[in-house]
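Following this note's numbering, the numbering of the sequence shown begins with 1108 at its first residue and continues without gaps. From the three backbone atoms N, C-alpha and C, an ideal C-beta is built for every residue, glycine too. Note that this is a predicted model, so its numbers are computed, not measured. One structure is given below, encoded as structure tokens.
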Amino acid sequence: MKKIILSLLQSFLLFFTSVSAEENSPVIKNEIKLNWQFRQVGTAIWHKATVPGCVHTDLLADSLIKDPFYRTNEKDLQWIDKVDWEYETVFNLDGEILGHEKIELEFMGLDTYTDIFLNGEKLLKTDNMFREWKVECKRQLKQGENRLRILLHSPVKTDIPKLEKLGYQLPAINDQSETGQLDDQKISIFARKAPYHYGWDWGPRFVTSGIWRPIYIKAWNNAKIENIQIIQSSLTKELASLRANIEINSAVEDSFFLRVVNKNENAMLAEKEIKLSKGENKISVFFEIKDPKFWWPNGLGEQYLYEIETSLLGLKELIDKKSENIGLRTVKLVREKDHSGTSFYFKVNGQPVFMKGANYIPSDIFLNRVSPAEYEKLIQSAALANMNMLRVWGGGIYENDIFYDLCDRYGILVWQDFMFACSMYPGDAAFLESVKQEAIDNVKRLRNHASIALWCGNNEIEDAWTGWGWKPRYSLEKQKYIYNTYKEIFLNILPTVCKDYDGTRYYWPSSPSSDYGRASKAGSGDTHYWGVWHGKEPFENFQKKLGRFISEYGFQSFPEFKTVKSYTLPEDWDIESDVMAAHQRSGIGNLRIRDYMKMYYKTPKDFQSFLYTGQVMQGYGIKQAIEAHRRSMPYCMGTLFWQLDDCWPVASWSSMDYYKRWKAMQYVAKKAYQPFLISPSESGDNVNFYIVSDKRQDTEAQLTVQVIGFSGKELFIRKIPVTVRSNASLSYLSLSKKELLGQNKSDSLLIYALLNGTNGEMLSENIMYLRQPKDLSLEKPEIKMQIGKTTNGYSIELSTNELAKDVYLSLEEEGFFTDNYFDLIPGKAKKLELITANEIGDIEKKIKIISLIDSYLQ
Ligand code: BMA
């Protein structure tokens, strides 16, 4: 019986998952996904493994370790990266596959130092997590069972000798190395591996090992399409002229046909006879699309994507085919000298576009855990918050294809860093070659995405070298060597690869930067403004410290209580407890939050109120930043806050926590990033009412300014018609505070600004206070809630008799409130929705509502 089950198990289907990305192509592509097991090298017992995956998640799935995120478990799991691991599977091959002329194994991502054996023979050695590896293996394969074994060397043990050989330590600011014998030695710089795995000021230290992307076996005859680059040579309303550069690997010398088809309209774009020689061939095919549909960033139009299918044909039969989804658009970074320095803005399809967005970090420390649905949630949340750009930050990974596919679909442009951050790197030939190959692999993989707007060399290294006090640690000779290595990587290797393998996008050496090799300064280039937070400057400075493109700024908060509960016990519910401290990785984190809270808020009465007030405060600060940046267009043409997401449950600068729960700041960003923004701004004795518009046409509208007492009394009103200028920021009305306030006290009134379209529809609203939150005289409001059922969940209407500041709705069950953390004004009911697939019994009682006054000690 056992035998029968075994032989059944060995049937072909069970060993492979067929993934034939290109339907009907005769090239066989099967994923080696099943039957994997793993063990620590030197131990006897094999355990079940998941591929793609990593050691940490396999240990967890097999209950061999405790949840790495729970309480302080992280500390006990640091041994995992100091030992070696091995993975093994046995897969069956039949005569049909073996009969192909060429058989290859493709490793899409190996983390990081591996030796790979096929049927006992060494096939490959790898040393770069970001590379793809392809090996011919027909000779090593046999009919029946084949054994694939991957040895994963400890990244820590592999890199310590490199440090010893170099003889001195290079700066690596966030490396929380924990190397055993050589404590505090920074080794992350030697590994071409996700830098954040070594710890960051928002992330744990889990230096993973594993097969993190799929392994495929490919079998083919005659020829195979390896890669297609589609270049848009010119684009007008009438015509898109394109060129496909096609790489074909051929086993024969023969004639073939290439056919390019626009699948959307089933229209033939080009057909051509080609002669292939054995080995690699590069062929260009030119084609045109008439009356092209353009791809636009989120908010400006459709994200139209064309599926371009390229087929390689023999005389009678199809040999291979491959599809690419492309968007027709132009993206240009405009850098022109002007009176304040040099501009830094993106033109999309010929139009200047203000970039609104955030910095993105990998959304799990264990990369394989991010499911397609979670990727979608993330990019959808960005789009829903009116963002049009994300910066894939240089301390993480070159993201999976799905990330960029989603950005293409949702209209999110990508500022793509290369994976180098806050460190200097070794300059030996092997390291530099590895960097070059990594860049080639990733530029080739990503270059057809409409969403990618810019290649950027690194995160903050230029500034760090020139201004963070790194240089004096080294002799002049070493300084020269270290900086020459910097120049070699960021001013030579990477831009050269971008030019040779893409050639259509701007390369920017470092973020922030003023220009090649020079430290950043406000009038030129992009800026990371950390005066608020790191520099302890008040939030109000967001309005003074502007830049041409502000690619980082931020403020921390804790995740909501529901998330905190996922990693704590009740005894940990104190900001300074060991467990909470283990989930706060910024050394100054709690102190900063407390300092700012003293400046802006009353001391929260308890732990939960602290979490809530912290989130409200983060939103309060970032609102000021985003509005100031948008108001100052066209001087400033982009704002990307730090940071969109988290890689585990933690206190951080994120606007969404690890579970993708929106923090107050994500709701704030959604409003501040709306196409129309009405933004009141104090200027001396006046309040100026700015309207920022991202729209491409002027808009007739009505601006209303009201002053309202906290009990709902209208103290002032002014209505004026306005023509809102397209793609601009202007002040449309200036009122003196004297006029606005009259005899009323500023601690118990608010200024409400409203922009309506000609049909009365609301285009934007905003509330301004003339006092800091802690100085407002709030009274306990009585909030009324009416709930109805909708197809997506529930509709909620709230009203109040007194101003309810920072109203926060929460629910134990999972659900998404379409608005939250808003101010509720008497006489102005608020409608929102709770999106949930669940039927929630007794919902009126389950939704908890608090506002700022509930966080005060009574
Ligand atoms: C920025 C980032 C990260 C860091 C953040 C908060 O400069 O580039 O290095 O996590 O600051 O300190």
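Of the listed residues F1923, A1944, A1936, nearest to L1491 (C-alpha basis): Counting from one through the sequence shown, the residue named residue 1491 turns up at place 384. Residue F1923 is the option with its Cα nearest to L1491.
Specify the secondary structure class of W1402 as computed by DSSP and reduced to three states.
-> Locating residue 1402 in the sequence shown gives position 295, where the first residue counts as 1. It is a strand residue.
**Message:** With three or more beta-carbon pairs closer than 8 Å as the criterion, would you say the region 1725 to 1733 touches the region 1425 to 1436?
**Reply:** no
- Message: Is the beta carbon of Y1963 closer than 8 Å to that of K1712?
- Response: For the purposes of this step, residue 1712 is taken as the residue at position 605 of the sequence shown. For the purposes of this step, residue 1963 is taken as the residue at position 856 of the sequence shown. In this structure, Y1963 lies closer than 8 Å to K1712 by Cβ.
Q) From I1956 to D1524, what does the alpha carbon distance come to, in whole angstroms? A) Here residue 1956 refers to the residue found at position 849 of the sequence shown. Here residue 1524 refers to the residue found at position 417 of the sequence shown. When rounded, the distance between both Cα atoms is 41 Å.
Check your understanding: In terms of DSSP beta bridges, what is H1635 paired with?
Key -> Locating residue 1635 in the sequence shown gives position 528, where the first residue counts as 1. Answer by DSSP bridge pairing, in chain order: E1659.
Self-check item: C-alpha gap between P1616 and V1521, whole angstroms
Solution: Indexing the sequence shown from 1 puts residue 1616 at position 509. Indexing the sequence shown from 1 puts residue 1521 at position 414. Going from the Cα of P1616 to the Cα of V1521 covers about 16 Å.
Q. Is D1308 near the ligand BMA, in the sense that its beta carbon is under 7 Å from a heavy atom of that ligand?
A. Against the sequence shown, residue 1308 aligns to sequence position 201. Yes, the beta carbon of D1308 sits closer than 7 Å to at least one heavy atom of the ligand BMA.
Here's the rule I'm using: 16 or more other beta-carbon atoms within 10 Å means buried, otherwise exposed. How should T1634 be labelled?
Here residue 1634 corresponds to residue number 527 of the sequence shown, with the count starting at 1. Under this definition T1634 is a buried residue.
Which residues DSSP lists as bridging I1338, in chain order: One-based indexing of the sequence shown puts residue 1338 at position 231. R1350.
For K1092, count the other beta carbons within 10 Å of its own beta carbon; 16 or more makes it buried, fewer makes it exposed. Which is it? Past the boundaries of the shown model lies residue 1092; the chain is included only from 1108 to 1965, so the question cannot be answered.
Problem set entry | Spatial distance of S1470 from Y1303 (CA atoms) | Working through the sequence shown from its first residue, we reach residue 1470 at position 363. Working through the sequence shown from its first residue, we reach residue 1303 at position 196. Taking the straight line joining both Cα atoms gives about 11 Å.
*Start-to-end residues for the beta strand (DSSP E) that takes in P1459*: Here residue 1459 corresponds to residue number 352 of the sequence shown, with the count starting at 1. Unbroken beta strand (DSSP E) run through P1459: 1458 to 1460.
(request) Under 8 Å by Cβ, that's how I've got M1526 and F1237 pegged, so tell me the actual separation to the nearest angstrom. (result) For the purposes of this step, residue 1526 is identified with residue 419 of the sequence shown, where counting begins at 1. For the purposes of this step, residue 1237 is identified with residue 130 of the sequence shown, where counting begins at 1. So it is a contact: roughly 6 Å between Cβ atoms.
Query raised in the report: By how many angstroms is the C-alpha of L1365 removed from the C-alpha of I1079?
Result: Outside the shown range of the chain, which is 1108 to 1965, sits residue 1079, and nothing can be said about it.
| How far does the alpha helix (DSSP H) with W1572 in it reach, from first residue to last? | To locate residue 1572, count along the sequence shown from 1; it is residue 465. Note, W1572: alpha helix (DSSP H), 1568 to 1574.
* To do: Tell me whether H1690 counts as near the ligand BMA, meaning its Cβ is closer than 7 Å to at least one heavy atom of that ligand.
  => Numbered from its first residue, the sequence shown carries residue 1690 at position 583. For the ligand BMA, not one heavy atom lies less than 7 Å from the Cβ of H1690.
**Prompt:** Which of the three DSSP states, helix, strand or coil, is assigned to Y1963?
**Reply:** As a first step, residue 1963 is located in the sequence shown; it is residue number 856 there, counting from the start. DSSP places Y1963 in strand when its eight states are reduced to three.
Distance, Cα to Cα, V1134 vs V1477? The residue you call residue 1134 lines up with position 27 of the sequence shown. The residue you call residue 1477 lines up with position 370 of the sequence shown. Their backbone Cα atoms lie some 29 Å apart in a straight line.
- Query: Is it buried or exposed for D1290, if we count other Cβ within 10 angstroms and need 16 for buried?
  - Reply: Taking the sequence shown and counting its residues from 1, the one referred to as residue 1290 is at position 183. Unreliable placement is indicated for D1290, whose pLDDT of 46 sits below 50; no coordinate value is reported for it.
Query raised in the report: Can you give, in chain order, each stretch of the beta strand (DSSP E) that sits fully within the region 1205 to 1264 and has at least 3 residues?
Result: The qualifying runs are 1209 to 1214, 1221 to 1225, 1228 to 1233, 1240 to 1243, 1251 to 1259.
What is the residue span of the beta strand (DSSP E) that K1325 lies within?
Sequence index remark: in the sequence shown, residue 1325 carries index 218 (1-based). Looking at the DSSP string, the run of the beta strand (DSSP E) that includes K1325 is 1322 to 1327.
| task | Identify, in the order they occur along the chain, each residue of the same chain with its Cβ nearer than 6 Å to the Cβ of S1906, setting aside the five sequence neighbours on each side. | result | Position 799 of the sequence shown, counted from the first residue, corresponds to residue 1906. Once the five neighbours on either side are set aside, the close Cβ partners of S1906 are K1891, A1936.
Please confirm whether Y1593 and T1670 have their CB atoms less than 8 Å apart. Walking along the sequence shown from the start, residue 1593 turns up at place 486. Walking along the sequence shown from the start, residue 1670 turns up at place 563. Their beta carbons are not under 8 Å apart, which means Y1593 does not touch T1670 by this criterion.
State the DSSP-derived secondary structure class of L1167, mapped to helix, strand or coil. Here residue 1167 refers to the residue found at position 60 when the sequence shown is read from its first residue. In this structure, DSSP gives L1167 a helical state, which the three-state scheme calls helix.
Point to revise | Cβ shell of G1323 (< 6 Å), same chain only, five flanking positions each side left out | key: The residue you call residue 1323 lines up with position 216 of the sequence shown. The amino acid occupying residue 1323 in the given sequence is Tyr; Gly does not appear at that position. Within the same chain, Y1323 has close Cβ partners K1136, E1138, E1213.
Query raised in the report: Going by DSSP, what residues sit across from N1863 in a beta bridge?
Result: The residue labelled residue 1863 in the question sits at position 756 within the sequence shown. Answer by DSSP bridge pairing, in chain order: Q1809, M1869.
| query | So, R1436 versus A1557, is the Cβ gap smaller than 8 Å? | reply | For the purposes of this step, residue 1436 is taken as the residue at position 329 of the sequence shown. For the purposes of this step, residue 1557 is taken as the residue at position 450 of the sequence shown. Their beta carbons are under 8 Å apart, which means R1436 touches A1557 by this criterion.
Residues bridged to N1432 by DSSP? Within the sequence shown, residue 1432 is the residue found at index 325, counting from 1. Answer is E1414.
Whole-angstrom distance between D1174 and L1440, CA atom to CA atom:
Numbered from its first residue, the sequence shown carries residue 1440 at position 333. Numbered from its first residue, the sequence shown carries residue 1174 at position 67. Straight-line Cα distance between these residues: approximately 45 Å.
#### Entry: Same chain, Cβ closer than 7 Å to D1913, five either side skipped, listed in chain order
Position 806 of the sequence shown, counted from the start, is the residue given in the question as residue 1913. Cβ within range, chain order: V1723, Y1928, D1930, S1958, L1959.
>> Judging by CA-CA distance, which residue of P1787, S1800, E1667 is the nearest neighbour of V1814?
In response: As a first step, residue 1814 is located in the sequence shown; it is residue number 707 there, counting from the start. Among P1787, S1800, E1667, the Cα nearest to that of V1814 is on P1787.
- Query: Can E1567 be considered in contact with the ligand BMA, in the sense that its beta carbon sits closer than 7 Å to one or more heavy atoms?
  - Reply: Along the sequence shown, one-based indexing puts residue 1567 at 460. Yes - the ligand BMA has a heavy atom lying nearer than 7 Å to the Cβ of E1567.
Taking 8 Å as the threshold (C-beta atoms), are F1817 and A1776 in contact? Position 669 of the sequence shown, counted from the first residue, corresponds to residue 1776. Position 710 of the sequence shown, counted from the first residue, corresponds to residue 1817. Their beta carbons are not under 8 Å apart, which means A1776 does not touch F1817 by this criterion.
How big is the Cα-Cα spacing for K1370 and V1604? Sequence index remark: in the sequence shown, residue 1370 carries index 263 (1-based). Sequence index remark: in the sequence shown, residue 1604 carries index 497 (1-based). Their backbone Cα atoms lie some 31 Å apart in a straight line.
Whole angstroms are fine: how far does the CA of E1243 sit from the CA of N1253?
The residue you call residue 1253 lines up with position 146 of the sequence shown. The residue you call residue 1243 lines up with position 136 of the sequence shown. Approximately 15 Å, taken between the alpha carbons.
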